[in-house]
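**Student:** Here it is, the structure in full.
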Amino acid sequence: MYKAVIFYFSGTGNTWWVAEKIKKQLDSRNINADTVSVEKADAKKADWWIKSADLVFFGWPVYGSDMPEPMKKFVDALLPIERGKHIHTFCTQAVFSGDGAWMYHRHFKNKGLTIDSAEHFIMPSNISSFRRIFAPPDDKTAEKIMKRCEARVERYVTDLLTGKSRIRGRYSYPLGILQRAPVRLFLDRFRSMVGVDKSRCVKCGICAQICPADNIRMDDYPEFSGRCALCFRCYALCPQSAITVNGKPYAPKNPDEKPYCIRDRRFKSSIQKKP
18 MYKAVIFYFS GTGNTWWVAE KIKKQLDSRN INADTVSVEK ADAKKADWWI KSADLVFFGW
78 PVYGSDMPEP MKKFVDALLP IERGKHIHTF CTQAVFSGDG AWMYHRHFKN KGLTIDSAEH
138 FIMPSNISSF RRIFAPPDDK TAEKIMKRCE ARVERYVTDL LTGKSRIRGR YSYPLGILQR
198 APVRLFLDRF RSMVGVDKSR CVKCGICAQI CPADNIRMDD YPEFSGRCAL CFRCYALCPQ
258 SAITVNGKPY APKNPDEKPY CIRDRRFKSS IQKKP
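Mapping of the sequence shown onto this note's numbering: residues 18 to 292, in sequence order.
Laid out in structure tokens, this is it:
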């Protein structure tokens, strides 16, 4: 039986969800697929998976048309594949990222990994603090977005297995650069947008335990170290909505509506606190 491995980084669940849908499609075609969070795999384990798999995928969300820092560190730490390996990359995005799934191709190449296909999947936004740009949809709209995404995943896997896949974003890198440049220029400012509303905080420490960048430590209340990965996992998963972005907590459009976040239905059981 053919084997596949899907490495992914997911802040609030979108990329994890897409990775699981890709796995489902591969499994249904008698390709045994494993999904592996890059937060749980070191370079040695990753090397074994890459060498033993017939199909290798890397997936990540895009933040300002850029790859998240935890994913960059994972790729940069990979052991070089001397004989080379062909891989497939994908990203999740709220709207458009240009070359989001292609932008790190040179770094992959330095590890002996050649991108054969790259795909972009639109998923619901989980950031309510910037309503004009990234307002999260209500449940009904979110379900429609995700159904369209699932159908696209099915087409993506079909095209990949029949030799029809494409490297989407390869010729859109100028648009990606236009979005990345200002984000990188003001990166420290964006990182400083994350804070805590002490009137809501119950000092449970979940935010510090689940942060992928070790950016949060508990000193009575959460303290931030300036290493934020901009995944906003703490913001999305805080049970009290005490973590703020740009001074605002996670909040629904309608006060009577339960805040939409993929973790409420799919992600909560998959995330593990650090020991």
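For glycine and all other residues, C-beta sits at the position ideal for the given N, C-alpha and C.
If the criterion is Cβ atoms closer than 7 Å, does the pair F107 and G129 meet it?
**Tutor:** Result no, Cβ atoms of F107 and G129 do not sit closer than 7 Å.
**Student:** Checking the sheet assignment: what are the DSSP bridge partners for F75?
**Tutor:** The partner list for F75 (beta bridge, DSSP) reads F24 and T106.
**Student:** Give the straight-line distance between the Cα atoms of D236 and G222, rounded to the nearest whole angstrom.
**Tutor:** For D236 and G222, the distance between alpha carbons rounds to 10 Å.
**Student:** Which residue's Cα is closest to the Cα of R169: D64, L72 and V35?
**Tutor:** The shortest C-alpha separation from R169 is found at V35.
**Student:** Residue range of the beta strand (DSSP E) that V213 falls in?
**Tutor:** Segment V211 to V213, the beta strand (DSSP E) holding V213.
**Student:** Just to confirm my understanding: we take V200, look at its own chain, exclude 5 residues before and 5 after, and list those with CB closer than 8 Å. What are they?
**Tutor:** These residues qualify, in order along the chain: Y80, G81, S82, D83 and F207.
**Student:** Excluding sequence positions up to five away, which residues of its chain have a Cβ less than 7 Å from the Cβ of V262?
**Tutor:** Counting only Cβ-Cβ distances below 7 Å, and skipping sequence neighbours, we find I144, S146, M210, V211, F249 and Y252.
**Student:** DSSP on K157, reduced to helix/strand/coil?
**Tutor:** Looking at K157 - three-state DSSP - the assignment turns out to be helix.
**Student:** Tell me which residues share the same chain as I184 and place their Cβ nearer than 7 Å to its Cβ, disregarding the 5 neighbours each side in the sequence.
**Tutor:** If we look at I184 and ignore the five residues flanking it on each side, its Cβ neighbours are W119, I132, S134 and A135.
**Student:** Do you know whose CA, among A94, I104 and H124, lies nearest K62's CA?
**Tutor:** Checked all of A94, I104 and H124; the closest Cα to K62 is A94.
**Student:** Does I223 come out as helix, strand or coil in the three-state DSSP assignment?
**Tutor:** I223: helix per DSSP, three-state reduction.
**Student:** Check whether the Cβ atoms of K246 and P85 sit closer than 7 Å, and answer yes or no.
**Tutor:** With the sequence shown as reference, residue 246 is identified as Ala, and Lys is not the correct amino acid for it. Yes.
**Student:** Cα-Cα, which of P78, S114, I233 and E160 is closest to F26?
**Tutor:** When each option's Cα is compared against that of F26, the closest is P78.
**Student:** Comparing alpha-carbon positions, which option in S242, G243, P266 and I260 lies nearest C224?
**Tutor:** Comparing Cα-Cα distances from C224 to each of S242, G243, P266 and I260, the minimum goes to I260.
**Student:** Candidates Y19, I23 and R197: which alpha carbon is nearest R46's?
**Tutor:** Nearest C-alpha to R46: Y19.
**Student:** Pull up the distance between the alpha-carbon of Y267 and that of I104, whole angstroms please.
**Tutor:** The straight-line gap from Cα to Cα measures roughly 36 Å.
**Student:** How is A70 classed by DSSP in three states: helix, strand or coil?
**Tutor:** Looking at A70 - three-state DSSP - the assignment turns out to be coil, as it is neither helix nor strand.
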